[in-house]
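Some notes on the structure that comes next.
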Amino acid sequence: MEFRRLGRTGLRVSRIGLGCMSYGRASAGMHRWTLDEDAAAPFFRQAVELGVTFWDTANVYQGGTSEEFVGRAITRFSRREEIVLATKVSGKVHDGPGGSGLSRKAILEQADASLRRLGTDYIDVYYIHRFDPETPVEETMQALDDLVRAGKVRYLGASSMWAWQFAKAQHAAVLNGWTTFSAMQDQYNVLKREEERDMIPMCLDQGVGLTPYSPLAKGRATRPWGHQTGRSSSDDVAKVFDRGVDEPVVNAIQKVAEDRGVAMAQVALAWVLSKPVVSCPIVGATRPHHLRDAVAALDLRLTDAEIAELEAPYQPQDNYWW
């Protein structure tokens, strides 16, 4: 496993992160394809064996059961000090005033709830899951800073918003001497590159490390065009990637993979890893080869010509964050 600093921080993270949205009770959340605790256990074990020590979850994943699974897996397969643990706040978990959003009440309430489910007394990277237009950024950033000062959170991150919103929050923190964001978790893959317009240049300038989700485009970048899986045919979120404009990009991935004699997933992930701003892409794993392919991508160095071949068919499109 390779390790890299998270942005300009001193925190070393594994170059591949384990996305834990795949693990949780299927009956407890929006996804019906997630793995229960027994089925998820081998993937946590495999992650430890491969050196994948950055684990990413959220309070809204499958009604909080993802956090519960993650917390118990750390105790079962590793040690707390060996895992860089990330979770998130913002999405709706209940109808009360502290059940969603980024108010002071919500942040403090939900941080404590996540800590209980995770079975730990601190979170390494705490993300705001989305921007909250109804709460002043000063209120949000001060509450997050209080968590850091209390020792409940080590570093802060944000996820999927317009660059001006991210800049506004960062500016408020700087002006008031509060903790700034060190990580940005946005959607970034060879099929979805809209973040290259504003967000990624800003992160490069400000020393914020990218920990992108969906680096394999919900699996669309891992198999020939038209091939379906159980998840891709039933997951409404994944179906958004069934767009004709993506077919030439997928075909380019397939060609490079065949020329190299490697899996398409390795090529798609190697493209993401080739970007200097990327600290740690977050990879979901529901089959044994998923993490193996992800780690193997670390050894695949794409040539400039191959990168150009992958990027040439891309067409600009609307941004969306799911």
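With positions in the sequence shown counted from 1, the corresponding number in my numbering is that position plus 2.
Glycine included, each C-beta is placed from N, C-alpha and C at the ideal position.
Item                                                                                                            : Value
Whole alpha helix (DSSP H) elements within the region 76-139, 4-residue minimum                                 : 106-120
Beta strand (DSSP E) segment containing residue 7, residue limits                                               : 5-7
Straight-line gap, residue 197 to residue 190 (C-alpha atoms, nearest Å)                                        : 7 Å
Assigned secondary structure, residue 154 (DSSP; H/G/I helix, E/B strand, else coil)                            : coil
Best match in 120, 14, 59 and 67 for proximity to residue 40 [C-alpha to C-alpha]                               : 67
Limits of the alpha helix (DSSP H) - the one that residue 296 falls within                                      : 290-298
Nearest to residue 317 (by Cα), restricted to the options 221, 130, 280 and 194                                 : 194
Selection from 209, 223 and 118 that minimises the alpha carbon distance to residue 248                         : 223
Supposed close pair residue 105, residue 132 - CB separation, criterion 8 Å                                     : The Cβ separation is near 14 Å, so there is no contact.
CA nearest to the CA of residue 108, picked from 123, 90 and 125                                                : 90
Span of the beta strand (DSSP E) around residue 57                                                              : 56-58
Same chain, Cβ closer than 7 Å to residue 227, five either side skipped, listed in chain order                  : 249, 252 and 253
Residues near residue 210 in its chain [Cβ-Cβ closer than 7 Å; skip 5 each side]                                : 9, 183, 184, 185 and 186
Whole-Å CB distance - residue 110 paired with residue 58, under 8 Å assumed                                     : That belief does not hold up - the Cβ atoms of residue 110 and residue 58 are roughly 22 Å apart, past 8 Å.
Pair within 9 Å by beta-carbon distance, residue 128 and residue 159                                            : yes
Same chain, Cβ closer than 6 Å to residue 175, five either side skipped, listed in chain order                  : 143 and 182
Same chain only: Cβ atoms within 6 Å of residue 156, ignoring 5 sequence neighbours per side                    : 126
Range of the contiguous alpha helix (DSSP H) that encloses residue 18                                           : From DSSP, residue 18 is part of no alpha helix (DSSP H); its letter is neither H nor E.
Cα-Cα separation, residue 118 to residue 309                                                                    : 44 Å
Where residue 277 sits in the DSSP three-state scheme                                                           : coil
Own chain, CB closer than 7 Å to residue 280, minus 5 neighbours either side, in chain order                    : 212, 214 and 274
Where residue 220 falls, given that 16 or more other Cβ within 10 Å makes a residue buried                      : buried
Burial state of residue 97 (16 or more Cβ within 10 Å)                                                          : exposed
Bridge partner(s) assigned by DSSP for residue 160                                                              : 130 and 186
Selection from 49, 6 and 120 that minimises the alpha carbon distance to residue 289                            : 49
Element boundaries [beta strand (DSSP E), containing residue 285]                                               : 284-286
Check whether residue 267 and residue 292 have beta carbons under 9 Å apart                                     : yes
Through-space distance from residue 116 to residue 269, alpha-carbon basis                                      : 35 Å
Nearest residue (CA-CA) to residue 72, options 42, 95 and 168                                                   : 42
Neighbour-count burial assignment, residue 77, 16 or more Cβ in a 10 Å radius                                   : exposed
In chain order, each alpha helix (DSSP H) run of at least 4 residues that lies wholly inside the region 241-265 : 249-262
For residue 120 and residue 87, believed in contact at Cβ under 8 Å, the rounded distance                       : 7 Å
Pair within 9 Å by beta-carbon distance, residue 2 and residue 65                                               : It is not possible to answer for residue 2, since the shown part of the chain is limited to 3 through 324.
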